[in-house]
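Residue numbers (this note's numbering): -2 to 447.
All residues carry an ideal CB built from backbone N, CA and C; glycine is no exception.
Below is one structure, written out as structure tokens, with a few remarks after it.
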Amino acid sequence: EDKEEDLVVRAPIVTVMGHVDHGKTSLLDYIRKENVIAGESGGITQHIGAYGVTLDNGQKIAFLDTPGHEAFTAMRARGAQVTDIAIIVVAADDDIMPQTKEAISHAQAAGVPIIFAINKIDKPNANVEKIKERLASMNLLVEDWGGKIQSHDISAKVGTGVKELLEKVLLEAEILDLKANPNKAAQGTVVEAFLDKGKGYVSTILVQQGTLKIGDYMLAGKHHGKIKAMHDERGHTVLEAGPSTPVSVLGLDGAATAGDKFNVFEDEKEAKQIASKRSQLMREQSVRTQRHITLDEIGRRIALGQFKELNVILKGDVDGSVEALSDSFSKLSTEEVQINIIHKGVGAITETDVMLASASDAIIIGFNVRPAGNARQLADKEEIDIRYYSIIYAAIDDLKDAMEGMLAPEMKEEILGTAEIREIFKISKVGSIAGCMVMDGKIMRTSKIR
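Right, here's the structure in full:
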């Protein structure tokens, strides 16, 4: 436990939530744009899911930008645990929408204070009082109506009231008395992680305690590694990151799950041991959940009628790409379609894979690998869909499309005939001409050959 004298005031961590068209992104964009230091070119170099903002008076706020629509599921339920204050954006020309209600429930469940940003007040049909009345009917009284919840009228598009809204955030933070000890090994949370083809695994993390330095040995979920580089949201190199600082780090050996806690260890051996124990536990849990799905559960899912499952077998040439694809696919699961990776491995697609796909009604995805031996013929016989990719994003996009039921038809080659090359003639202006004897089938003038 930290001693009182070791604690220093830290910046508040704010999540902006709201219904899809109510201006959440416009508000974040405006805040980011205003925060570009004069004379500095370029904005955010990559979307890292979190960034720090420094106000005119030198005070800082860290914003979490959890992704759009699907974020009201697991990540937001987890993400709200990272958050100190939630700004909930409501459009003044609309109503309190279901997503807004969900955002309010999430914040309340996590015990996070809410500040309402009533947006689009520049619209002719804006009715701020109607929104406050609706909030009051949900037992949410804003300060103007004699309650305790802060709210501010803004226009994110032109920037009206945004500065005052941020001042209210700082006021709320002052009441919360947020403190952390910067002089110890860093701890915090993973905001998002992805595989960058040039750099490897990039993890956006939020330091909550202590100070993270380049060269520290970090463990996040079942992944570990030595931090090789740290960057802020503008792509600048950061040497150390204190409490409430979001940074993207390079050096972990895999893509951690959003919401995973990270810790820094003195020695590599300890981190590796914990990582391998965690991997083992996760494997055991996944086997358990796959084997023991009860009849009640299956009945419940079928009764709901909306539940569909997509079973996937994943084979790749290297462990890294298999893991990255597996992580990405898992993140694609929605409430309607659940993606189950029933088997993943390194190496060619084998007959065993095809039989497993047949038994579990799965599709096979091969990343830089092909079927070995008789696996191809068996797949044709069993009518198993095998898809080949060499680009991770192509595989992810196809799977996304398949989930939306709009996958493009696959091109199949059909052999019309075979010919044997008997003689090759070289002609200077034309190149090589092959003299062939047709062995079976037929060859047309427009046929393609290989």
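CB-CB under 7 Å to residue 405, same chain, minus the five flanking residues each way: which ones, in chain order?
The pLDDT assigned to residue 405 is 49, lower than 50, so where the model puts this residue is not dependable; a value taken from the coordinates is nonetheless given after this. For residue 405, where only same-chain residues beyond five positions count, there are no Cβ hits under 7 Å.
Range of the contiguous beta strand (DSSP E) that encloses residue 205:
Start and end: 197 to 206.
Can you check the stretch 340 to 381 for any alpha helix (DSSP H) of at least 4 residues that lies completely inside it and give the ranges in chain order?
The stretch 340 to 381 contains, as complete alpha helix (DSSP H) runs of 4+ residues, the segments 348 to 357 and 372 to 379 (chain order).
CA-CA distance, residue 340 and residue 317?
Counting only the Cα atoms, residue 317 lies some 15 Å from residue 340.
For the alpha helix (DSSP H) containing residue 115, name the first residue and the last one.
Residue 115 -> not in any alpha helix (DSSP H); beta strand (DSSP E) instead, spanning 111 to 116.
Throw me the rounded Cβ distance for the residue 257 and residue 187 pair, which I believe falls under 8 Å.
With 8 Å as the limit, residue 257 and residue 187 qualify as a contact, their Cβ atoms being about 4 Å apart.
Measure the CB-CB distance between residue 371 and residue 387 and report whether it falls below 8 Å.
Cβ atoms of residue 371 and residue 387: not closer than 8 Å.
Per DSSP, what kind of secondary structure is residue 166 in: helix, strand or coil?
Residue 166: helix per DSSP, three-state reduction.
From which residue to which residue does the alpha helix (DSSP H) around residue 7 run?
For residue 7, there is no enclosing alpha helix (DSSP H), as DSSP gives it neither H nor E.
If you check the beta carbons only, do residue 52 and residue 163 fall under 8 Å apart?
Yes, the Cβ-Cβ distance between residue 52 and residue 163 is below 8 Å.
Just to confirm, is the Cβ distance from residue 88 to residue 129 under 8 Å?
No, these two residues do not count as a Cβ contact at 8 Å.
Do you know how far the Cα of residue 142 is from the Cα of residue 19?
For the pair residue 19 and residue 142, the Cα-to-Cα distance works out to about 23 Å.
Cβ of residue 240 versus every heavy atom of the ligand ZN: is any distance shorter than 7 Å?
Looking for the ligand ZN in the displayed structure turns up nothing, as the structure carries no ligands at all.
Just verifying my parser: in three-state terms, what is the DSSP assignment at residue 56?
The three-state secondary structure of residue 56, taken from DSSP, is coil.
Going residue by residue through the stretch 146 to 191, where are the continuous beta strand (DSSP E) segments of at least 3 residues, counting only ones entirely within it?
For the stretch 146 to 191, whole beta strand (DSSP E) runs of length 3 or above, ordered along the chain, are 147 to 150.
Candidates 169, 255 and 220: which alpha carbon is nearest residue 109's?
Out of 169, 255 and 220, 169 has the C-alpha closest to the C-alpha of residue 109.
Give the straight-line distance between the Cα atoms of residue 327 and residue 220, rounded to the nearest whole angstrom.
If I take the Cα positions, the gap works out to 17 Å.
Rounded to whole angstroms, what is the Cα-Cα separation between residue 193 and residue 199?
Rounded to whole angstroms, residue 193 and residue 199 show a C-alpha spacing of 7 Å.
Ends of the alpha helix (DSSP H) at residue 444?
First-last for residue 444: undefined, no H or E at that position.
Rounded straight-line distance, which links the Cα of residue 224 to that of residue 213
Whole-angstrom Cα-Cα distance: 6 Å.
Who are the Cβ neighbours of residue 179 in its own chain at under 7 Å, not counting the five residues just before and after it?
Closer than 7 Å at Cβ, skipping near neighbours: 5, 207, 208, 239 and 240.
Apart from the five residues just before and just after residue 322, which ones in its own chain have a Cβ nearer than 7 Å to its Cβ?
Take residue 322, set aside five residues on each side of it, and the residues of its chain with a beta-carbon closer than 7 Å to its own are 311, 313, 364, 389 and 392, in chain order.
Which first and last residues belong to the beta strand (DSSP E) in which residue 123 is found?
Residue 123 -> no beta strand (DSSP E), and no H or E assigned at all.
Alpha carbon of residue 58 to alpha carbon of residue 102, nearest angstrom:
Rounded to whole angstroms, the separation of the alpha carbons of residue 102 and residue 58 is 23 Å.
Taking buried to mean at least 16 other C-beta atoms within 10 Å of its own C-beta, is residue 244 buried or exposed?
Answer is buried; the Cβ neighbour count reaches 16.
Looking at residue 151 and residue 144, is the spacing between their C-beta atoms short of 8 Å?
Not in contact: residue 144 and residue 151 (Cβ atoms no closer than 8 Å).
Buried or exposed, going by whether 16 or more other CB atoms sit within 10 Å of the CB of residue 425?
Exposed is the call here.
Using the C-alpha atoms, what's the distance from residue 182 back to residue 140?
Using only the alpha carbons, I get a separation of about 40 Å.
Three-state secondary structure (DSSP) at residue 16?
DSSP places residue 16 in coil when its eight states are reduced to three.
Run of the beta strand (DSSP E) containing residue 437, from where it starts to where it stops
From DSSP, the beta strand (DSSP E) with residue 437 extends over 428 to 438.
Could you tell me the distance, in whole angstroms, from the CA atom of residue 344 to the CA atom of residue 315?
Residue 344 and residue 315: Cα-Cα distance of roughly 8 Å.
C-beta contact flag for residue 438 and residue 414 at 8 Å:
The answer is yes: Cβ separation under 8 Å.
Per-residue burial, residue 356 [other beta carbons within 10 Å of its own, 16 or more giving buried]
Residue 356 should be labelled exposed.
Mind checking whether residue 94 and residue 149 have CB atoms under 8 Å apart?
Going by C-beta atoms, residue 94 is not nearer than 8 Å to residue 149.
With residue 215 and residue 259 assumed to form a contact (beta carbons below 8 Å), what rounded beta-carbon distance in angstroms separates them?
The Cβ separation is near 6 Å, so the contact holds.
Tell me the DSSP secondary structure of residue 0 in three-state form.
In the structure shown, residue 0 sits in coil (DSSP, three-state: anything other than H, G, I, E or B).
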